[in-house]
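K.L.:
Got a structure here, written out as C-alpha cells. Questions coming.
2 protein chains.
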Amino acid sequence: MDQNVFDDPRITAIGLLFEATAGLSARFSAQFEEHGLSAVEFEVLMRLTRSPGHQLRMTDLAAQTSLSTSGVTRVVDRMERDGLLRRRACPSDRRSSYAVVTAAGLARLDQTLPGHVQIIEQWFTGQLDPAALDALLDGLRQVRDAVHPGATAGSTDPLPAGAGDC
Amino acid sequence: MDQNVFDDPRITAIGLLFEATAGLSARFSAQFEEHGLSAVEFEVLMRLTRSPGHQLRMTDLAAQTSLSTSGVTRVVDRMERDGLLRRRACPSDRRSSYAVVTAAGLARLDQTLPGHVQIIEQWFTGQLDPAALDALLDGLRQVRDAVHPGATAGSTDPLPAGAGDC
DNA sequence: GATGGAATATTGCCATGCCTATAGTTGCTT
DNA sequence: AAGCAACTATAGGCATGGCAATATTCCATC
Chain A
1 MDQNVFDDPR ITAIGLLFEA TAGLSARFSA QFEEHGLSAV EFEVLMRLTR SPGHQLRMTD
61 LAAQTSLSTS GVTRVVDRME RDGLLRRRAC PSDRRSSYAV VTAAGLARLD QTLPGHVQII
121 EQWFTGQLDP AALDALLDGL RQVRDAVHPG ATAGSTDPLP AGAGDC
Chain B
1 MDQNVFDDPR ITAIGLLFEA TAGLSARFSA QFEEHGLSAV EFEVLMRLTR SPGHQLRMTD
61 LAAQTSLSTS GVTRVVDRME RDGLLRRRAC PSDRRSSYAV VTAAGLARLD QTLPGHVQII
121 EQWFTGQLDP AALDALLDGL RQVRDAVHPG ATAGSTDPLP AGAGDC
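Line by line, the protein sequences give chains A and B. Residue numbers are given in the working numbering: position 105 of the first sequence equals residue 105, and the series is strictly consecutive. Residue numbers are given in the working numbering: position 24 of the second sequence equals residue 24, and the series is strictly consecutive.
Here's what the structure looks like:
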C-alpha cells in the first residue's frame, strides 16, 4: 500500500466533491427537520409537486428518486399517515396507484422551500462569483450527463411524463 | 405553490450537484461490492490506512467519517469479524481502543483502489478538459471550505492527528 | 378466449445506523 | 482522598430502506 495513493489528484478531487455535498446535505437535513420532514420526504414532495397534477405513479416516483419501489411504498405510507400525500387508484390500470400531493403537502413544501433556497444561496451558489459558479455548474452538468443515473433527487431533468393516461 | 420555483437557478444548481454525486456513488458502490466492501467500509479503510500507524481511536474514526460513534462500533465489529481490522487497547488510556488495519485489510484496499481510481477517471476527472476540471475543483473547494463538515469521506483534509499518545 | 409472461404495488425479512442509556476511566477540584 | 464532571466505547431499542417473494392485473399470442 503506497502512501502516495492518497495524494493522487483523482482521490483528492472525489474527496472534494463528496465533502462539499455532505456538508450541504447536513445543513439541508437540519432545516428539513425544523419543518418535520426528512430529506427523502422533501425529495418526494419536490418530485411530485413538479409533476403534472402533482402526482406520479409509485413506480415512476421510485424511478425519479433515490428509492426502490418498496422504499416508495413505505415513505408514501408515512406521508399519507401525516396527511402530506394521498394514494389515488388509476382507473385505467388497476395495478397502478398514484401518489398525490395534498393541500397540506403543498403548504408544507411552501413553508420549507424559502429556507431551503436560502441555504443553497448561503452555502453554495452565493459562495462563488458568477463566473466561477457557471464554470462549476458546467462541469457538474458534464459529469451528470456522463454518469446519468436516470433521474434522481434534484430534479433538473426534463420530466419523463409518467402521469400518462389517468 | 408557484411552479416557477423549480426553475430557480439555485434549485437547478443543487440538483446538478446531487445528481452528479449520486451517479458516481452508484458506480462506486457497484465496484466496492465486487471486492466485498460497502461504501462505508471503504471509507473506514481509507481513513485508517492514511492515518499514522494505520490506526485511529474509535472516536476519531467517527469524527473523520460519516458515522456516529455507535455506527463506528458496529462497522468495526463487522470488519474485525471479516479480518480487515482489529481492535487494539490503548495502554495509556483504558477508555480508548484503536481500530488497526490488518494485512488483509491493506490487501483488500490494494485490490479495490485501482478500479476505484479508474472509475473516478472515467466518469469524473476524465470527463473534463484540465482547465474545466480545475475550475470545478476550485469551486468545490470553496464550497467545502465554507460548509466544512469537519472531515468526512474523501479525506482531502490534513489529518487532525488522532493517533496521539499510544 | 385461454394462457403465459410482464408489470405493479405491497409485505416479510434483514442489514444498517442513529439516539439514548450505560458502564468503565480519567483527571480536576476541593 | 473523595467526589464529580467529562470522555470513551458499547448495547438496547428504533426507524429506514433494500431484496426477494407474493398477489393482482394487464396484454400479447395462440
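Glycine included, each C-beta is placed from N, C-alpha and C at the ideal position.
1) Look up Gln31(A) in the DSSP assignment and say whether it is helix, strand or coil.
2) Would you please verify whether the beta carbon of Pro149(A) is less than 7 Å from any beta carbon of chain B?
3) From what residue to what residue does the beta strand (DSSP E) around Val117(B) run?
4) Listed from N- to C-terminal order along the chain, which residues in the stretch 122-138 of chain A have their beta-carbon within a distance smaller than 8 Å of any beta-carbon of chain B?
5) Quick check on DSSP: helix, strand or coil for Arg50(B)?
6) Quick check on the DSSP output: the alpha helix (DSSP H) that includes Leu140(A) runs from which residue to which?
7) Could you tell me the distance, in whole angstroms, from the CA atom of Ala39(B) to the CA atom of Pro91(A)?
8) Do we get a CB-CB distance below 7 Å when we pair Ile119(B) with the residues of chain A?
9) Taking Cβ to Cβ, would you say His35(B) is nearer than 7 Å to Thr112(B)?
10) Where does Thr191(A) land, buried or exposed, given buried means 16+ other C-beta within 10 angstroms?
11) Using DSSP with H/G/I as helix, E/B as strand and the rest coil, what is Ser25(A)?
12) Excluding sequence positions up to five away, which residues of its chain have a Cβ less than 7 Å from the Cβ of Thr99(B)?
13) Using CA atoms only, rank isn't needed, just tell me which of Pro149(A), Ala104(A), Gln122(A), Asp145(A) is closest to Gln142(B).
14) Is there a C-beta anywhere in chain A that falls below 7 Å from the one on Arg57(B)?
15) Contact defined as beta carbons within less than 8 Å: I believe Ser66(B) pairs with Glu33(B). What is the distance between those atoms, to the nearest angstrom?
16) Closer than 8 Å by C-beta to Arg27(B): which residues in its own chain qualify, once you throw out the five before and the five after it? Chain order, please.
17) Verify whether the separation of the beta carbon atoms of Phe6(B) and Arg50(A) is less than 7 Å.
P.N.:
Taking the structure as given:
1) helix
2) yes
3) Where Val117(B) is concerned, there is no enclosing beta strand (DSSP E), although the alpha helix (DSSP H) it sits in stretches over 103-123.
4) Trp123, Phe124, Thr125, Gln127, Leu128, Ala132, Leu133, Ala135, Leu136, Leu137, Asp138
5) coil
6) 130-147
7) 42 Å
8) no
9) yes
10) Any answer about residue 191(A) is impossible in this case: the structure gives chain A only from 1 up to 166.
11) helix
12) According to the sequence provided, residue 99(B) is Ala. The question's Thr does not apply to it. Around Ala99(B): Leu48, Gln55, Leu56, Met58, Leu61, Val76, Leu85, Arg87.
13) Gln122(A)
14) no
15) Actually they do not touch by this definition, with Cβ atoms about 18 Å apart.
16) Ile119, Trp123
17) yes
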